[in-house]
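A short worksheet on the structure shown next.
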Amino acid sequence: MNSAAFIVTAIFTVAAALAAATLRNLMHAALSFAAAFVGIAALFFLLGAEFVGLALVFIYIGAVAVLVVFTILLTRRDVGKDRGFNWGGATVAVAVFACLTWSILKTQSLAIGAPHIATLTVKRIGAALMTTYVWPLQCVGILLTAALIGALILVMEERR
Amino acid sequence: MSKSIDQVFLNAKQWLLSWLTGLPTWMVQVVSSLINIFALLAVFLTLFALISVLERKILARMQNRYGPNRVGPFGLFQPIADGIKMLIKEDIVPMRADKIVHFLAPILIAAVAILTLGVIPYGRNMTPFTIDGGILFFFAVGSTTELAVFMAGWGSNNKYSMLGAMRAIAQMISYELPLIISVLPVVMVVGSLAPDRIVAAQAEYTFGLVPRWFVFTPWGAAAFMLFFVSGLVESNRTPFDVPEGESEIVAGHMTEYSGFKYATFFMAEYIGMFAISGLGITLFLGGWHAPLRALEFVPSYAWFFAKLSVLLFVYIWIRGTLPRTRIDQIMNFAWKFMLPMAFTCIIAAAVWHYAGRGLRGWLWSLFVIAIVYAALSMLLDTRRKFAPRVYRFAE
C-alpha cells in the first residue's frame, strides 16, 4: 500500500518538476512548480512527517508560488521569446545534483537498515524549538520583524 | 438511549464496514475513508443547496419582499431548479483564454474548500480525518485558494478577471495574518494543534452552569471577533466582496465562467464559509459541547450544526445590513487595527494563563485588551483631516 502510494506520488512529483523545467509558457511552468511541491509534501506525509509536509504546503504554495506568479506577471513582457539553451542553469543544476548524490552516498546511516523512528509529533517539534533551538528561533523572529518594518517603510506615503 | 443516538452514525459506519471482514486491512482503510468522504459531501452539498435558498429568503425578508416562492412549498425546491439550469447551460470558454488553467481553476478551488472540511470535529468521535496538526492542515490547504483564484483570473485572459483576482489575493493575504494569529492564543492555552484536543479542553462547566468555551474569556471573545471578521474576508462575503464588485468589474475572477463552472465557484465560496465557521466553532464556541450540562442528552452533532446555523445566519444578516467597503479601508483595517489586536490577544491569553485562569486572570486580560483597544482607537482616530489623495502609480 505504502510503496504503491510512494510510486504514484514520486511519478507525479517528477513529472511536475520536469514540466516546470521544460514548459515554454512561463506561467504554466510556475504552476507546475507549485504542483511539484504538492507532490513533495505528499512524500513527507508518507514518511510520517506531517508537520514538515504541512509547512511545505503553507510556505511554498501559499506564499512562494503566489509570489513567483506575481513576479512573472508584473515583470516579464517577453514571454515566449526563445533565448537558446541556458548553459549557466544547466551547470548549476548538475553541480547541485552531484553535491546531493555525493552527500547521500557519504551518509553513514543509510547503510544500516531504516531505524525505527518515533513519529514526529507537532508537540515534539514545538518543545525542541522552545528549548534547544530557542536562540536561532529568536534570531529568525527578529529578522522577519525587521523585514516587515522594512517593507512598511518602503511603501509608506511621504508626508507633504 | 441518548448515547446510542449520539453515536448512531459511527455505529452505521461500523455496520457497513462489518460487511468487509476478511478483506485485507488496506482495503478496509480505503473504504472507511471513502465512507467519510461520501458522508461529508452528502451533508455539506445538501447544506449548500439549503443555505442558497434560505439566504435568498432571509435577504428578501430583510428587504421587505417575498424571495423565491414558485418552486415547491415556500420555494424550497428552488436549488433543484437552479442546479438543473446551471447544468444545462452552455459552457463558454473564451477563445483567447488559457484553456487548461481556465479549466483547472474551479476544480482546484472546490477541492481545496472540501479538503478543509475534513479536519473539523462534527460530534463526539466524529472527526472525519484525525491529523495531529489539524489546525495547521486547515490553514495550509486553505492558503492554496489564493493560487486557484489567481489561476481563474489569469487563465480567463480578461481585464476584469485579472483585476478581481488581484483584489481577492491582496485582501486574502492581508487577512490571513490576523486570521492565523487570532487562532494562536487558543493553540497556546490548549497546547495542541489537534482539533479534538481543543474541543476537549472546552468540555467543563464553571459552577455547572457557564460552559468553559474560550469565547467567554476576554481574550477569547476578542480573538473570536477578529477570527470572524477575517473569515468574512477570506470567504469574500459582503461587506468585503470587492473582488466580485458587480458594479465595477462584472464578477471579478468569475467573469468568464459560465454554467457549471460558475456554479462550482459559487459552491466553493459557500463550502469555504461552512469550513471557516466550523473551525470558529471548534476553536472558540466549544465544538460539539452543549451550552448547559442539563442539555447534554441532545446528540453532539446536533449542537455542532445548531451553532453552525447560528453563525451562517449572522453571515447572511451582515450581508443584508452592511454596504460594500472600499479596498483602502479594508487594507487599513487589516494592518492598522486587526493585526495589533490579534497580537494583543496572544499577550492577554498569556496573562490569563499566568494569573491562574480564574477570575483574576479574567479581569487582568480584560484590562490588557481594553488598554490596547483604547490606545488603538485614539491613534487611528478617523475624524482627523486627510490630505487629498495622491495617485502615484496610476496617473
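Note that the protein sequences, when read in sequence, are chains A and B. The first sequence: position 151 = 318 (my numbering), numbered continuously. The second sequence: position 85 = 381 (my numbering), numbered continuously. For glycine and all other residues, C-beta sits at the position ideal for the given N, C-alpha and C.
Item                                                                                                        : Value
CB of L336(B) within 7 Å of CB of P424(B), strictly                                                         : yes
Alpha helix (DSSP H) segments (min. 4 residues) lying fully within the segment 517-572 of chain B           : 542-545
Distance between A490(B) and N300(B) (C-alpha atoms, nearest Å)                                             : It should be pointed out that residue 300(B) corresponds to Ser in this sequence rather than to Asn. Cα-Cα distance, rounded: 26 Å.
For V367(B), the nearest candidate out of I465(B), Q359(B), I376(B) and H585(B) (CA to CA)                  : I376(B)
Same chain, Cβ closer than 7 Å to F536(B), five either side skipped, listed in chain order                  : Q467, L528, V529, T621 and I626
L372(B) versus F435(B), G576(B), G318(B) and R352(B), residue with shortest Cα-Cα distance                  : R352(B)
Beta-carbon spacing of R392(B), N453(B) below 7 Å                                                           : yes
Inter-residue spacing [alpha-carbon to alpha-carbon] between N532(B) and W254(A)                            : 46 Å
Alpha helix (DSSP H) runs wholly inside the segment 617-683 of chain B, at least 4 long, in chain order     : 623-628, 635-650 and 655-675
One or two residues paired with V697(B) in a DSSP bridge                                                    : Nothing can be reported for residue 697(B), as the shown portion of chain B is limited to 297 through 691.
Three-state secondary structure assigned by DSSP to L312(B)                                                 : helix
Inter-residue Cα distance where the pair is L604(B) and Y501(B)                                             : 21 Å
Neighbour list for I465(B) in chain A, Cβ cutoff strictly below 7 Å                                         : V233
Chain B residues whose Cβ lies nearer than 9 Å to that of A294(A)                                           : The contacting residues do not exist; A294(A) stays about 10 Å from chain B at best.
Within the segment 409-467 of chain B, ranges of the alpha helix (DSSP H) (whole runs, at least 4 residues) : 430-438 and 441-451
Cα-Cα separation, F204(A) to S314(B)                                                                        : 38 Å
Classification of K632(B) by the beta-carbon crowding that lies within 10 angstroms, buried from 16 upward  : exposed
G429(B) beta carbon less than 7 Å from that of L221(A)                                                      : yes
Straight-line Cα distance separating A517(B) from W450(B)                                                   : 39 Å
Interface flag, I228(A) vs chain B, CB-CB below 7 Å                                                         : yes
Whole-angstrom distance between M458(B) and L480(B), CA atom to CA atom                                     : 33 Å
P587(B) to V506(B) span [Cα, whole Å]                                                                       : 8 Å
Neighbouring residues, chain B, relative to V289(A) (Cβ below 9 Å)                                          : D428, G429, L432, S488, L489 and A490
Where L677(B) falls, given that 16 or more other Cβ within 10 Å makes a residue buried                      : Residue identity differs from the one stated: residue 677(B) is Asp in this sequence, not Leu. That one is exposed.
Beta carbon proximity, V175(A) to chain B, threshold 7 Å                                                    : no
Distance between beta carbons of S439(B) and L475(B), contact taken as under 8 Å                            : In fact, because the Cβ distance is near 10 Å, the residues do not count as touching under 8 Å.
C-alpha gap between S573(B) and G256(A), whole angstroms                                                    : 47 Å
Cβ pair count under 8 Å reaching 3, the segment 377-385 of chain B against the segment 536-547 of chain B   : no
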